[in-house]
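Numbering follows my numbering, in which position 45 of the sequence shown is assigned residue number 49; successive positions increment by one, without gaps. All C-beta atoms, glycine included, are put in the ideal place defined by N, C-alpha and C.
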Amino acid sequence: MNAIISTALSKLHGGIKASRVAQALARDVIRKSVLTTPPFDPFIIAKNLKLTITYAEIAAEAVLKDFDSDNPQIILAGSSVDYLGLGIRRRINFTVAHEIGHFAIRKAVSGFVPMSAFASEHEDEERLCNEFASELLMPWRCISQSLGSHELSPRSILKIADEYDVSLTALLTRAAKLWFPHFRAILWRRSKFGIRPHWAFPLNCTRAILCDTGNTSVERAFQSEQEEIGTSDLLINGERFRWKCISLKTGAHPDTVLTILYRSSLAARKLLPSARSKPNTVINVDTLNALAVQQVLPFPEKRTMHAARRRRDRKRT
Ligand SMILES: [Zn+2]
């Protein structure tokens, strides 16, 4: 039961990986909306899909209700997003995009999996909805152009997060996936216990220990308002790693520093986009894959799918 939605989604679209189909669904939804440039506001996209957003005191952050009815709804916990701070509002943007993902994915596999598959939360569907949400808020082609046309630095990452109205962690996750394995991102917090990762991508970097010398870019950034550049040694699970680092205080929290880390080898540097380089050489590979997925879009009409299923059932009986 666990991967039933992935399997159905993939089979319905010629064996293409389910996460790619989820991303293609997000692009399909954007294409049908009025939005062509960032920010890709999920509230506008939901409205365009005739998905009503309401508020209630619920235990979860959000739920999708009645996806197969005439009045599908996203219910958000609380009473309104109007008076929330920037950080929380951007997190809710991701939540709404994730729920639109549930809606689009369930619509896509409806009739091919039992309704009971949607009754409770499954890791498989959650993962697909996160892929969908990332693509919806930061469409690959758009975000790769934005990242590729700026110098790689914490300041430009913060600027792009503003432009797309997404949380810093959502954008960093996207960037880290784009440039993996040459890129890492760590948000550091300083406390009486020292400087420790508060958030990191990939996850194993949350266990990183900074080999502090008093003069690393991270330590200097806590004392300044400028970007600080340097090469730092980190211990991760007992192994020592040396990375080029650029660090900057984020401003969101008085004691948070964002460090982006990248390999210092020439080969790795060639992969990093910069204003001087031709944009997106790394990204074109994925663009090709994205095109392959788009070739199967628009998705077959539900009626056609049901007809296919009836034919298949007739054969079996
Ligand atoms: Zn979910």
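Query: Stretch pair the region 21-39 + the region 59-76: three plus CB contacts closer than 8 Å; Result: no
Query: Reference Leu252; option with closest CA among Cys209, Gly198, Leu207 and Ile190; Result: Ile190
Query: Residues with C-beta closer than 6 Å to any heavy atom of ligand 1, in chain order; Result: His102, His106, Glu130 and Cys133
Query: Range of the contiguous beta strand (DSSP E) that encloses Gly198; Result: Gly198 to Phe205
Query: Coil, strand or helix - Pro304 by DSSP; Result: With a pLDDT of only 43 at Pro304, under 50, the local geometry of the prediction cannot be trusted, and no value is derived from it.
Query: Neighbour-count burial assignment, Gly19, 16 or more Cβ in a 10 Å radius; Result: exposed
Query: Own chain residues within Cβ distance below 8 Å of Asn293, not counting five before or after; Result: In this prediction, Asn293 has a pLDDT of 41, which is less than 50 and means its spatial position is unreliable; what the coordinates show is noted afterwards. Correct list, in chain order: Arg24.
Query: Cβ neighbours of Asn324 in the same chain (closer than 6 Å, five flanking residues each side left out); Result: What is shown of the chain runs 5 to 321, which leaves residue 324 out entirely.
Query: Residues near Ser171 by beta carbon distance below 6 Å, same chain, minus five either side; Result: Arg94 and Arg95
Query: Reduced DSSP category for Val222 - H, G, I as helix; E, B as strand; rest coil; Result: helix
Query: Spatial neighbours of Val100 in its chain, beta-carbon cut-off 8 Å, leaving aside the 5 residues before and after; Result: Pro46, Phe47, Ala50, Ile57, Ala66, Ile78 and Leu80
Query: Top-ranked residue by Cα proximity to Asp72, from Gly89, Tyr59, Lys54 and Ile62; Result: Lys54
Query: Validate contact between the region 141-152 and the region 117-133 using beta carbons, cut 8 Å, 3 pairs; Result: no
Query: Arg145, enclosing alpha helix (DSSP H) - first and last residue; Result: Trp144 to Gly152
Query: DSSP state of Leu276 mapped onto helix, strand, coil; Result: Here Leu276 scores only 47 on pLDDT, less than 50, and its place in the model is too uncertain to base an answer on.
Query: Leu13 to Ile264 span [Cα, whole Å]; Result: 35 Å
Query: Span of the alpha helix (DSSP H) around Lys36; Result: Ala22 to Lys36
Query: Member of Met119, Phe136 and Phe122 whose CA lies at the smallest distance from the CA of Gly105; Result: Phe136
Query: Residues bridged to Lys248 [DSSP beta-bridge criterion]; Result: Thr235 and Tyr266
Query: The beta strand (DSSP E) enclosing Arg188, as first and last residue numbers; Result: Phe187 to Ser195
Query: Burial state of Gly152, where buried means 16 or more other Cβ atoms lie within 10 Å; Result: buried
Query: Where Ser114 sits in the DSSP three-state scheme; Result: strand
Query: Nearest-angstrom beta carbon gap, Ala212 and Ala324 [assumed within contact, 8 Å]; Result: The structure shown does not extend to residue 324, since the chain is modelled only from 5 to 321, so the question has no answer here.
Query: Three-state secondary structure assigned by DSSP to Val170; Result: coil
Query: Terminal residues of the beta strand (DSSP E) in which Lys2 lies; Result: Residue 2 is absent from the model: the chain starts at 5 and stops at 321.
Query: Coarse secondary structure for Lys253, derived from DSSP in three states; Result: strand
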